[in-house]
Amino acid sequence: MWDGRIVSRAIELERDVARDAIPFKVLSIAPIGGLLQVQIEPVRDRHNRPLDESLEGARAWWPATPPGSADCLAVDSETSTITLRFVRGPAPAVGTVLMLYEPDFYEALAGLWTQPDLQRRANERMTSKPGMFTPSKGGKVTKGVRLRRAQADALQLADQSIGLLHGPPGTGKTTTVGRLVATQLALHSASILIIATTNTAVDQALIAVDDALVAAGMTKTRTRCKRIGSRVEAKRYKGREHLLPVSDVVLFDKLVATEGREPEKKDIVAWAVWKQEVDGLRAKLKVRVEEIVTTNKVVAITATAATFWFEALRAKDFDIIIVDEASQMGGASALMLSLLGRKVLFAGDPQQLAAVVRSPHPDPRKYLGTTAFAIFRAAPTVFLNEQSRMINEISEVISKVFYGGKLIVAKDAEMDPDWRAHRRLPVIRGERQKPLRVDLVSTDSTWSQKYRGPIRYDSADKIVSIIRDLTDFDVELEDIVVLTPFRAQKTLLRYMLKANNMRGISVSTVHRAQGSERKVVIFDPVDGSGTFLRGSEGDRLINVAVSRAKSQAILLLSKRDRENSTLDRIARMAGAPGYEQIKVASYSAPCISAFVKRSDFPACLQKLTIRIADIVGTVVAIEKGGTQIILETLSDQQRRKFSVAHLVKMASAAA
């Protein structure tokens with residue numbers, strides 16, 4: 001049972017972090033066409049927050065008489081410059097401190113958790129007993145693209161009061177959600193609310209529904225599916241205007257055309273004019289939420305907007321709530337939003353990145369860091385086990401390291417010559433590239449005052465060379481993405497690529513890359529042995545980074561990076577050079593005796609690298625009701641079974 005007062009307080013603690021000002025020192029100012037360009041540098045404080053694009057949309061404030069304020073329109077992290085619009089008061093003075101305040105996304109949710117009726121219903125849902133779930137063969141589905149076995153099973157989750165759909169990378173989770181919605185509309189004329197954490201995820205889910213309805217020949221039903229929200233990319237909906245509550249088609253076409261004329265940000269005045277025009281057109285397309293909800297069968301909305309419009313959505317009492325990318329949504333949000341309907345399906349992947357919680361207090365981590373997959377772990381579940389993104393060699397590693405060996409390449413993909421041709425690896429200097437490659441780096445990370453975070457010049461240099469090789473041998477720039485966990489390294493990489501005339505290469509933090517895919521992924525962990533990449537959160541980040549790759553994943557690792565057992569295991573499976581120097585006998589791993597007396601033994605062993613006598617390996621599975629563990633040895637990647645009772649007896653004898 002959750003105490004609503006404690007949950008609400010936890011949300012307020014997280015809000016306090018977001019409301020806390022991020023200080024920057026003003027280095028120079030330049031008025032440009034009604035805007036204000038301000039070059040700034042971070043002030044060393046507890047935030048250690050570098051300047052990056054995530055601060056676009058933040059509110060700026062600075063001391064003056066009267067105090068000044070503005071909206072942060074754009075951020076250029078390479079030049080440490082922000083562009084301010086709607087400036088109120090005098091401009092900031094050089095040498096003074098300017099504060100940036102991030103948007104507050106939790107205000108509405110905090111209010112909902114103070115309502116006794118909603119608290120009671122949330123606890124009732126959380127403690128409800130799950131029903132028995134055995135998917136039947138030959139269940140009714142709409143016409144369309146043939147579903148894989150697990151995808152067809154997943155459609156039956158809609159008949160459960162609570163269901164969990166695990167969708168590892170490339171398994172067609174969004175396609176499955178689309179077919180599930182179409183089937184429920186065809187069989188039961190159900191009313192369905194689709195919720196996701198980001199605008200992109202909402203758009204993708206709704207478009208998947210539209211595609212499924214087209215395949216099923218349900219033309220009329222398509223017009224009763226609508227997207228709520230003004231933060232949509234109109235170009236996604238070209239030819240699908242019926243999904244937007246648009247009464248003015250001319251205005252919509254103008255928005256599409258305007259979006260397509262986006263100037264480069266380096267011409268900040270032109271970009272600001274364009275941004276203002278796009279925002280104005282989107283605002284004109286807004287309609288009443290209540291009207292959309294009452295007149296349509298399917299409604300799609302972001303989680304933030306759903307908490308804001310909670311009462312309007314609540315009036316509908318939807319038959320089914322589908323929370324997509326639920327592994328990225330905090331438990332307090334997921335549980336509250338599930339009350340908008342009689343049944344709820346949570347779709348996502350708990351092995352990928354979870355919601356980011358910044359407060360150090362344990363309560364926000366409990367209520368906002370926990371996901372629906374943990375809250376409802378006993379609910380009926382379907383695991384999509386066939387993926388069609390990654391080439392087999394990458395898929396096998398991802399499967400063994402993160403999914404207990406359950407994830408495989410879909411047969412329909414493997415048999416498709418076009419699928420294989422698209423993933424054909426480049427030949428560089430007469431040598432066919434490996435799907436999973438590890439390049440050794442001689443230095444470790446250092447803290448950069450300039451970039452306000454950990455960086456590694458050695459790996460950045462190597463990445464420039466790798467990209468030059470790839471592009472010289474016919475790999476397209478748009479087929480490559482460079483991923484790193486740290487904003488500081490991202491900024492350094494962008495600077496170095498720009499300095500080497502390598503424009504057009506996508507460089508991103510791993511968090512921003514979730515949901516995307518590229519033929520070639522270059523992953524630089526920078527500080528693989530640090531706390532940020534250790535534990536379950538670190539594993540999820542590594543999983544997301546490597547599993548973006550369709551045909552090749554290149555990891556840059558130092559010797560210290562290989563102290564991270566997950567990175568070490570991946571490198572060993574990739575046959576990384578130099579690994580013969582690391583003897584398993586000297587590998588630093590805790591002995592099994594350190595765990596046997598713990599109250600959570602053997603569950604605490606999951607994914608840990610441990611030593612049993614002279615055998616060192618990673619626990620990849622716990623089976624037979626917790627009475628047996630499966631250890632994958634580091635020496636030869638063989639799987640060995642150990643009885644938990646025998647391990648306890650052996651540890652007791654040694655003591």
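Under the UniProt record's numbering, think of the first position of the sequence shown as 1, with each following residue one higher. Where is the CB? At the ideal position from N, CA and C, for every residue including glycine. These figures come from a predicted structure and were not determined experimentally.
Contacting residues, own chain, Cβ-Cβ under 6 Å from residue i (five flanking each side not counted)
{"i": "G405", "result": "S399"}
{"i": "S77", "result": "L51, D52 and T491"}
{"i": "S586", "result": "Confidence at S586 is low in this model, with a pLDDT of 44, below 50, so its placement is unreliable and the value that follows should be read with caution. Result list for S586: empty, nothing under 6 Å."}
{"i": "F402", "result": "Q351 and N543"}
{"i": "S359", "result": "L13, E14 and V17"}
{"i": "V438", "result": "L555, L557, A571, A574 and A576"}
{"i": "D527", "result": "S445 and P454"}
{"i": "A553", "result": "I394, L436, V521 and V546"}
Expected contact under 8 Å - CB spacing of residue i and residue j to nearest Å
{"i": "S551", "j": "L425", "result": "6 Å"}
{"i": "R540", "j": "Q352", "result": "6 Å"}
{"i": "V397", "j": "M573", "result": "5 Å"}
{"i": "A110", "j": "F308", "result": "Not a contact, Cβ separation roughly 12 Å."}
{"i": "A154", "j": "L180", "result": "7 Å"}
{"i": "M126", "j": "W2", "result": "7 Å"}
Residue i (DSSP reduced to helix, strand or coil)
{"i": "K343", "result": "strand"}
{"i": "I582", "result": "Model confidence at I582 stands at a pLDDT of 42, short of 50, so the residue's coordinates are unreliable and nothing is read from them."}
{"i": "I391", "result": "coil"}
{"i": "H422", "result": "helix"}
{"i": "Y101", "result": "strand"}
{"i": "N363", "result": "First, the amino acid is wrong: residue 363 is Asp here, not Asn. Three-state DSSP puts D363 in a helix."}
{"i": "T176", "result": "helix"}
{"i": "D319", "result": "strand"}
{"i": "T370", "result": "coil"}
{"i": "G163", "result": "strand"}
{"i": "V427", "result": "strand"}
{"i": "V644", "result": "helix"}
{"i": "V289", "result": "helix"}
{"i": "I505", "result": "coil"}
{"i": "A74", "result": "strand"}
{"i": "W2", "result": "coil"}
{"i": "R88", "result": "strand"}
{"i": "D568", "result": "helix"}
{"i": "R386", "result": "It should be pointed out that residue 386 corresponds to Glu in this sequence rather than to Arg. Strand, per DSSP."}
{"i": "S551", "result": "strand"}
{"i": "T448", "result": "Per the sequence shown, the amino acid found at residue 448 is Ser instead of Thr. In the structure shown, S448 sits in a strand (DSSP, three-state: E or B)."}
{"i": "K266", "result": "coil"}
Cβ of residue i within 8 Å of any chain C Cβ
{"i": "L631", "result": "No chain C appears in the structure shown, which is made up of a single protein chain."}
Proximal residues to residue i (C-beta, below 7 Å), its chain only, five neighbours per side dropped
{"i": "D211", "result": "G178"}
{"i": "I428", "result": "D469 and F473"}
{"i": "F383", "result": "A150, H166 and K406"}
{"i": "F595", "result": "F601, C604 and L605"}
{"i": "A413", "result": "S388 and W419"}
{"i": "H242", "result": "R222 and T223"}
Contact under 8 Å by Cβ, residue i with residue j
{"i": "S516", "j": "P169", "result": "no"}
{"i": "V202", "j": "G33", "result": "no"}
{"i": "E325", "j": "A150", "result": "no"}
{"i": "T174", "j": "A208", "result": "yes"}
{"i": "G229", "j": "I301", "result": "yes"}
{"i": "L73", "j": "V38", "result": "no"}
{"i": "I612", "j": "V620", "result": "no"}
{"i": "L488", "j": "Y451", "result": "A quick correction: the sequence has Ala, not Leu, at residue 488. Contact flag set, yes."}
{"i": "L339", "j": "L193", "result": "no"}
{"i": "A306", "j": "L337", "result": "yes"}
{"i": "T96", "j": "V26", "result": "yes"}
Heavy atom of the ligand GDP within 7 Å of residue i beta-carbon
{"i": "P590", "result": "With respect to small molecules bound, the structure shown includes none, and the ligand GDP cannot be examined in it."}
For residue j and residue i, the rounded distance between their alpha carbons
{"i": "K343", "j": "R288", "result": "25 Å"}
{"i": "V323", "j": "Q184", "result": "16 Å"}
{"i": "I40", "j": "A603", "result": "48 Å"}
{"i": "Q449", "j": "G330", "result": "33 Å"}
{"i": "R560", "j": "P525", "result": "11 Å"}
{"i": "E14", "j": "T371", "result": "16 Å"}
{"i": "K275", "j": "G57", "result": "12 Å"}
{"i": "F486", "j": "M496", "result": "16 Å"}
{"i": "S529", "j": "D461", "result": "21 Å"}
{"i": "D479", "j": "I466", "result": "14 Å"}
{"i": "E476", "j": "Q514", "result": "21 Å"}
{"i": "I11", "j": "P417", "result": "51 Å"}
{"i": "S508", "j": "F376", "result": "32 Å"}
{"i": "L35", "j": "V256", "result": "25 Å"}
Same chain, Cβ closer than 8 Å to residue i, five either side skipped, listed in chain order
{"i": "G131", "result": "Q160, S161 and P380"}
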